[in-house]
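Q:
Protein chains in written order, with the numbering used here: chain S, 1 to 345; chain H, 1 to 225.
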């Protein structure tokens, strides 16, 4: 039966080539646009959701206020002492990881020189918080020792080709050598951060690089992307409510004469809302906007509606021909359901 | 085979009511060849549509093969129709996008006959109406007479008990018309009941009985001897 309908549909298509072409082209264009937009929207909504703990990961953000209480600066990153002191005072931070995005730096691999932008400093807890597939090396130890570096698969291939990159050396900015301790699968395109290289955080403890003292005392260098993993079902607001007392306790020196928690605040931003809902300064990557998703959704619906109306208009114009056929089908034995299929076809 | 009693059918629009069948009663026995005649608008085609279960009456009784079918739902009507009734129309009503073979095959598809059996039965019936050589042609490629032969083939392919013909020769010249009438006569002689609506006295003479209608009622019955 279906074969019979397909036969008729196909012959109709050939018989009314021009109108069928217009009709199908319009519908195809409409559906194609809709599907493309749907794919775009699906991608936008999927950002950072691939981590198994995605719903429990938060980014620590920091706001700054002027003396009169006006919000002056919203930062997506915080200074290193927060990461140093907070875990002991906030036991609900099951895991914390910090990343520091480096500007473009020159790297030497053998005699070859590369200017790379995707270098991040990261601690070994990165793999406890985020889902990153490590292809070579041990994720527990690869970022523990100073001057260790992990490469994405693409970078490993770029620098070392088919050769095994493990334990190979990369010269950093003509100052020190880094040892390759691991290779990981690149962060997917729907991740708000996409490090191509991970340099061990312990490297920063070296005084010639940054220094342990500065990691504990420099409350002003708000460049460290800091992510925490909270327990499932944890009341986030309850944690946020305790931030002011932490700030007042630790930042007295920084805001002498003022109450520190009036001058600066901390916030916890859900990982899955960063891409579409966060527009802070100093973001780890380029973000989008939920408004775009709404606008494109409306456009998709509008296009689909126009395509359908167009199709219906053109089909209605030919419906008298179909009505005759349906009458004939009824007379030769078609039931309601089968006639329904013919109308649909 | 057919017994109708006090059948009523009224077409209503916002402004007018048209009585198509006015308490019409009649009986048609199995194996009969009945011609229904009357002026345009007297309710002939309405009656044929109701007999063919394509339309339902507003009131009255319709017994088909000893079963009251007046209140059948659409599913039951379709089921009864596809197994028992064949139609022949004035304007042939073949589906333009289907070949001769496919048009005749259609009723068999609806009755669920398997493809191999369908092929055999369609070829048999096409052979019988002498249109086999045109089996792969489309309706537009055939003459009126040929198209009506295909329509007759389609009507009989399921071996229906009843054939309803609505002015089957109306669009044909006399030669082709006679051929079609002879086909219907042959079918009747093989046991098929035929109810034919016609304006042609000549065609009506092929029947056993002529029922003349006026304003939705039977006004005269002629038994043909």
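Think of the CB as a built atom: it goes at the ideal place given N, C-alpha and C, for glycine as much as any other residue.
1) Checking the sheet assignment: what are the DSSP bridge partners for residue 336/S?
2) Name the DSSP bridge partner or partners of residue 61/S?
3) Counting only beta-carbon separations shorter than 8 Å, does residue 121/H have a partner in chain S?
4) Between residue 325/S and residue 117/H, what straight-line distance do the alpha-carbon atoms span, to the nearest angstrom?
5) Give the interface partners of residue 111/H over in chain S, defined as CB-CB distance under 7 Å, in chain order.
6) Determine the closest residue to residue 40/H out of 205/H, 159/H, 167/H, 123/H, with distance taken between C-alpha atoms.
7) Would residue 50/S and residue 195/S be called neighbours here (beta carbons separated by less than 8 Å)?
8) Is it buried or exposed, residue 300/S, if we count other Cβ atoms within 10 angstroms and call 16 or more buried?
9) Can you list, in chain order, the residues of its chain whose CB lies under 7 Å from that of residue 131/H, leaving out five sequence neighbours each side?
10) If we ignore side chains and look at the alpha-carbon of each, how far apart do residue 327/S and residue 91/H end up?
11) Let me know if residue 192/H comes out buried or exposed under the rule of 16 or more other beta-carbons within 10 Å of its beta-carbon.
12) I'd like to know whether the C-beta atoms of residue 26/H and residue 218/H end up nearer to each other than 8 Å.
13) With residue 21/S as the anchor, note down where its alpha helix (DSSP H) starts and where it stops.
14) Step through the CB atoms of chain S and report whether any lies within less than 8 Å of the CB of residue 87/H.
15) Where does the unbroken beta strand (DSSP E) through residue 217/H begin, and where does it stop?
16) Going by the CB atoms, is the gap between residue 8/S and residue 142/H shorter than 8 Å?
17) Measure from the alpha carbon of residue 333/S to the alpha carbon of each residue in 21/H, 75/H, 222/H, then state which is nearest.
18) With distances taken from CA atoms, which of 108/S, 83/S, 165/S, 157/S is nearest residue 122/S?
19) Using a Cβ-Cβ cutoff of less than 8 Å, which residues in the same chain neighbour residue 106/H once the five nearest sequence positions on both sides are dropped?
20) Could you list the residues in the segment 47-63 of chain H with a C-beta less than 8 Å from some C-beta on chain S, going in chain order?
21) Using only the heavy atoms of the ligand GDP, determine whether one of them is closer than 7 Å to the beta carbon of residue 198/S.
22) Which one of 336/S, 198/S, 318/S, 330/S has the shortest CA to CA distance from residue 16/S?
23) Can you give the Cα-Cα distance for residue 143/S and residue 215/S, rounded to whole angstroms?
24) If distances are taken between C-alpha atoms only, which option among 81/S, 80/S, 66/S comes closest to residue 74/S?
25) Could you check whether residue 278/S and residue 41/S sit closer than 8 Å to each other, using their CB atoms as the reference points?
26) What is the C-beta distance between residue 55/S and residue 264/S, in whole angstroms, given that I count them as a contact (C-beta under 8 Å)?
27) Suppose contacts are defined by Cβ-Cβ distances below 8 Å. Is residue 233/H in contact with residue 7/H by that definition?
28) Residues in the segment 14-47 of chain H with C-beta within 8 Å of chain S's C-beta atoms, listed in sequence order?
29) Can you check which of these residues, 239/S, 259/S, 226/S, 155/S, is closest to residue 283/S by C-alpha distance?
30) Do the segment 94-110 of chain S and the segment 303-317 of chain S make contact, defined as three or more Cβ pairs closer than 8 Å?
31) With DSSP as the reference, please indicate the residues paired to residue 3/H in a beta bridge.
32) Within the chosen definition, does the segment 161-178 of chain S reach the segment 221-239 of chain S through at least 3 CB pairs nearer than 8 Å?
33) What did DSSP end up calling residue 68/H once you bin it into helix, strand or coil?
34) Going by the DSSP bridge assignment, what does residue 14/H pair with across the sheet?
35) Which residue comes first and which comes last in the beta strand (DSSP E) that contains residue 177/S?
36) From the beta carbon of residue 158/S, is the nearest beta carbon of chain H less than 8 Å away?
A: The answer reads as follows:
1) One-based indexing of the first chain puts residue 336/S at position 336. Residue 336/S is not bridged to any residue.
2) Counted from its first residue, the first chain places residue 61/S at position 61. In the DSSP output, where bridge partners are listed per residue, residue 61/S has 267/S.
3) Here residue 121/H refers to the residue found at position 121 when the second chain is read from its first residue. Chain S contact via Cβ: absent.
4) Here residue 325/S corresponds to residue number 325 of the first chain, with the count starting at 1. Here residue 117/H corresponds to residue number 117 of the second chain, with the count starting at 1. Rounded to whole angstroms, residue 325/S to residue 117/H spans 25 Å at the Cα level.
5) The sequence position of residue 111/H within the second chain is 111, counting from 1. Those are 333, listed as they occur along chain S.
6) By 1-based counting over the second chain, the position of residue 40/H is 40. Cα-wise, what sits closest to residue 40/H is 167/H.
7) Residue mapping note: residue 50/S aligns to position 50 of the first chain, counting from 1. Residue mapping note: residue 195/S aligns to position 195 of the first chain, counting from 1. The answer is no: Cβ separation not under 8 Å.
8) Counting from one through the first chain, the residue named residue 300/S turns up at place 300. Counting Cβ neighbours within 10 Å, residue 300/S comes out buried, since at least 16 surround it.
9) If you number the second chain from 1, residue 131/H lands on position 131. Correct list, in chain order: 100, 146, 149, 150, 153.
10) Taking the first residue of the first chain as 1, we reach residue 327/S at position 327. Taking the first residue of the second chain as 1, we reach residue 91/H at position 91. Using only the alpha carbons, I get a separation of about 13 Å.
11) Here residue 192/H corresponds to residue number 192 of the second chain, with the count starting at 1. When all chains shown are included, residue 192/H counts as buried.
12) Numbered from its first residue, the second chain carries residue 26/H at position 26. Numbered from its first residue, the second chain carries residue 218/H at position 218. Yes, the pair counts as a contact, with Cβ atoms nearer than the cut-off.
13) Locating residue 21/S in the first chain gives position 21, where the first residue counts as 1. Counting along the chain, the alpha helix (DSSP H) containing residue 21/S begins and ends at 17-45.
14) Mapped onto the second chain, residue 87/H falls at position 87. Output row for residue 87/H: interface = yes.
15) Indexing the second chain from 1 puts residue 217/H at position 217. From DSSP, the beta strand (DSSP E) with residue 217/H extends over 217-223.
16) Reading the second chain from its first residue, position 142 is the one you call residue 142/H. Reading the first chain from its first residue, position 8 is the one you call residue 8/S. Taking 8 Å as the Cβ cut-off, residue 142/H and residue 8/S do not qualify as a contacting pair.
17) For this step, residue 333/S is matched to residue 333 along the first chain. Nearest of 21/H, 75/H, 222/H to residue 333/S, Cα basis: 75/H.
18) To locate residue 122/S, count along the first chain from 1; it is residue 122. Here the closest residue by C-alpha is 83/S.
19) Within the second chain, the letter at position 106 stands for residue 106/H. 95, 98, 154.
20) 52, 54
21) Here there are no bound small molecules, and the ligand GDP is not part of this structure.
22) To locate residue 16/S, count along the first chain from 1; it is residue 16. Residue 318/S is the option with its Cα nearest to residue 16/S.
23) Locating residue 143/S in the first chain gives position 143, counting from the first residue. Locating residue 215/S in the first chain gives position 215, counting from the first residue. The alpha-carbon atoms of residue 143/S and residue 215/S are separated by roughly 17 Å.
24) By one-based count along the first chain, residue 74/S stands at place 74. Nearest option by C-alpha distance: 66/S.
25) Residue 41/S sits at position 41 when you count from the first residue of the first chain. Residue 278/S sits at position 278 when you count from the first residue of the first chain. No, Cβ-Cβ distance for residue 41/S and residue 278/S is not below 8 Å.
26) One-based indexing of the first chain puts residue 55/S at position 55. One-based indexing of the first chain puts residue 264/S at position 264. That belief does not hold up - the Cβ atoms of residue 55/S and residue 264/S are roughly 28 Å apart, past 8 Å.
27) One cannot answer for residue 233/H here, as it falls past the ends of chain H, which runs 1 to 225.
28) none
29) To locate residue 283/S, count along the first chain from 1; it is residue 283. Cα-wise, what sits closest to residue 283/S is 226/S.
30) no
31) Translated into the one-based positions of the second chain, residue 3/H becomes position 3. DSSP output for residue 3/H lists 27/H, 63/H as bridge partner(s).
32) no
33) By 1-based counting over the second chain, the position of residue 68/H is 68. If DSSP states are grouped into helix, strand and coil, residue 68/H belongs with the strands.
34) As a working mapping, residue 14/H is identified with position 14 in the second chain. Residue 14/H is not bridged to any residue.
35) For the purposes of this step, residue 177/S is taken as residue 177 along the first chain, with counting starting at 1. Where residue 177/S is concerned, the enclosing beta strand (DSSP E) stretches over 176-184.
36) Locating residue 158/S in the first chain gives position 158, counting from the first residue. Not closer than 8 Å to any Cβ of chain H, the Cβ of residue 158/S fails to qualify, so no.
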